[in-house]
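Per the working numbering, the sequence shown starts with residue 7, numbered consecutively.
No residue lacks a Cβ here, since even glycine has one placed at the ideal position from N, Cα and C.
A quick write-up on the structure given underneath.
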Amino acid sequence: MPRAVTGGGVPVPGETDGVPARRAGLPGPTAPDRSRRGPVAHAGGAAPDAVAAPPPRKVGMRDVARLAGVSHQTVSRVLNDLPNVSDGTRSRVLDAVRILNYRRNLAARTLVTSRSRTIGLIGFETTLAGPASMIYGIEKAAREAGYYVSIATVRSLDRHAVLDAVEQLCAQAVEGIIAIAPKNSVADALAQAPPGTPAVGVGGADDGAVPMLRVDNVRGACLATRHLLDLGHRTVHHVPGPADWPEGRDRIDGWRQTLHAAGAPVPPVAAGDWSARSGYQRGQILAADPAVTAVFCGNDHIALGVLRAFHEAGRSVPEDASIVGFDDMPESGYFLPPLTTVHQDFAELGRRSVDLLVARLDGAPAPTAPVHLTPSLVVRASAARSHA
């Protein structure tokens, strides 16, 4: 019976958490090479160096099979989520994987199958609800499709930063790349991905650089603006996002088209950013004008700032002015009052983007036109019939 080394509390080689290796389903310890000795003690009486213990052997698939009482082919089927494995067998294999802390050798798997089953995902540093929800939706859809996800986050959306992220992901042998592409620079960089590495953009411009999936922002802005006009408001003011984002431009276009079609006045707009601060600053100007009775905001963060500005100006929402946002972020229903807003189905956007990329990996041609998802209007308490 092997014994622990005294004083250090470290198990001798061949034990796993205090259990002899053979009882854990692993090979036993390798006998030490007694022909190798430490250096001779010096005259001062120093003890010779201890012989270093051999490093523990890495757990392999056959170790998992031995502990689970199945063949290594069965272990492979379970790990690859293939059919024709009973629930009991699958449970035993997964228990063995957990007990042995088995980690798959993805590099070796890629060499054997020529498939890494890994998708690269490019995101950017942001606290905005839309892009963050897109990343979550894409990652969830990829897992459900049987793919791992390797995420590269960029600090800026300039072309060089995105190209660096593309290179980083390709070095990890990803099969394809999905990128959150709110600016044209991202799509342009994706188009430079190496041949054989298909790429898909989410949320960007329809410039044809790469296949693109996006919410129909023009349609969403039309829904919001039309709702306010139908409530009897003479016109609708707009607090937009940044002018260099396709989503921002499209929401301005949808708002302006709807006012033109209704014969309503088109107020001037001043581009800002996506923040509540930007909404608050613009909201202070709008709240000071009693003729302003309806405001469509570029996103829900902007709407939050506008709501505060109107409250501080002593103008009640929705009695004195109606406010509508865009995104339907999870907190929107808890604003005071709860926010009427345009809903984007980020889970569906993630699923559709993964489906498109997987289809391309399977040889399907790239779509010739962007894929648009139709948003919907969520009516809450922040908009009401005009009394002006």
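Asked	Found
Taking the straight line between their C-alpha atoms, what separation do you get for A135 and M335?	6 Å
For R1, which beta-bridge partners are listed by DSSP?	Since the displayed the chain opens at 7 and closes at 394, residue 1 lies outside it and no answer follows.
What is the DSSP secondary structure of A147, reduced to helix, strand or coil?	helix
Using 10 angstroms around the beta-carbon of Q350, count the other beta-carbons present and answer buried if the total reaches 16, otherwise exposed.	buried
Which two residues bound the contiguous alpha helix (DSSP H) that contains V103?	93-106
For T159 and I183, which I take to be in contact (beta-carbon distance under 8 Å), what is that distance rounded to the nearest angstrom?	Their Cβ separation, rounded to whole angstroms, is 14 Å, which puts T159 and I183 out of contact at 8 Å.
Taking Cβ to Cβ, would you say A193 is nearer than 9 Å to A199?	no
Give a yes or no on whether the C-beta atoms belonging to I157 and L127 are separated by under 9 Å.	yes
Just how far apart, CA to CA, sit G260 and H378?	15 Å
Taking CB distances under 9 Å as the criterion, tell me whether A370 reaches chain D.	The structure shown contains no chain D; it holds only a single protein chain.
Could you tell me whether the Cβ atoms of A187 and G210 are closer together than 9 Å?	yes
Y153 by DSSP, collapsed to three states: which one?	coil
Compute the distance between the beta-carbons of V348 and P381, then report whether it is under 9 Å.	yes
Between the C-alpha atoms of P273 and A327, what's the straight-line distance to the nearest angstrom?	16 Å
In its own chain, which residues sit with a C-beta less than 6 Å from the C-beta of A74, not counting the 5 before and 5 after it?	R98, V99, A102
Report buried or exposed for R149, applying the criterion of at least 16 other Cβ atoms within 10 angstroms of its Cβ.	exposed
Identify whether L342 lies in helix, strand or coil by the three-state DSSP scheme.	coil
Based on Cα-Cα distance, which residue from F352, A389, R358 lies nearest to A138?	F352
Let me know the secondary structure DSSP gives V168 once reduced to three states.	helix
Which same chain residues end up closer than 6 Å to S388 when comparing Cβ atoms and leaving out the 5 residues on each side of it in sequence?	V323, P324, I329, P343, L345, T346
Which residues mark the beginning and the end of the beta strand (DSSP E) in which A205 is found?	205-208
Which residues bound the beta strand (DSSP E) around A185?	182-186
Mind pulling the alpha helix (DSSP H) runs of 4 or more residues that sit fully within the segment 217-257?	223-236
With a threshold of 8 Å, are at least 3 pairs of Cβ atoms found where one atom belongs to the segment 223-240 and the other to the segment 275-291?	no
Buried or exposed for A375, please, with buried defined as at least 16 other CB atoms from any protein chain shown within 10 angstroms of its CB.	exposed
Mind reading off the beta-carbon distance from F6 to G289? Whole number of angstroms is fine, and I expect it under 8 Å.	Because the chain in this structure spans residues 7 to 394, residue 6 falls outside the shown range and cannot be described.
Is it the case that the segment 352-372 contacts the segment 217-231, given that we only count it when at least three CB pairs across the two stretches are under 8 Å?	yes
Alpha carbon to alpha carbon, how far is P371 from N190?	22 Å
Let's see if you can read the secondary structure: which residues bound the alpha helix (DSSP H) around D333?	Note, D333: premise wrong, no alpha helix (DSSP H); beta strand (DSSP E) at 328-333.
Check the C-beta distance from R257 over to P271 and give it rounded, since I have them as a contact under 8 Å.	The pair is not a contact, with the Cβ atoms about 19 Å apart (cut-off 8 Å).
Kindly indicate which residue of L175, I141, R255, G152 has the alpha-carbon position closest to the one of V208.	I141
Thinking C-beta only, is H266 closer than 9 Å to V301?	no
With respect to the beta strand (DSSP E) encompassing T124, which residues constitute its N-terminal and C-terminal limits?	124-130
Quick check on DSSP: helix, strand or coil for H393?	coil
Are the CB atoms of C228 and Q263 nearer to each other than 9 Å?	yes
The beta strand (DSSP E) that contains V312, what's its start and end?	Where V312 is concerned, there is no enclosing beta strand (DSSP E), although the alpha helix (DSSP H) it sits in stretches over 306-318.
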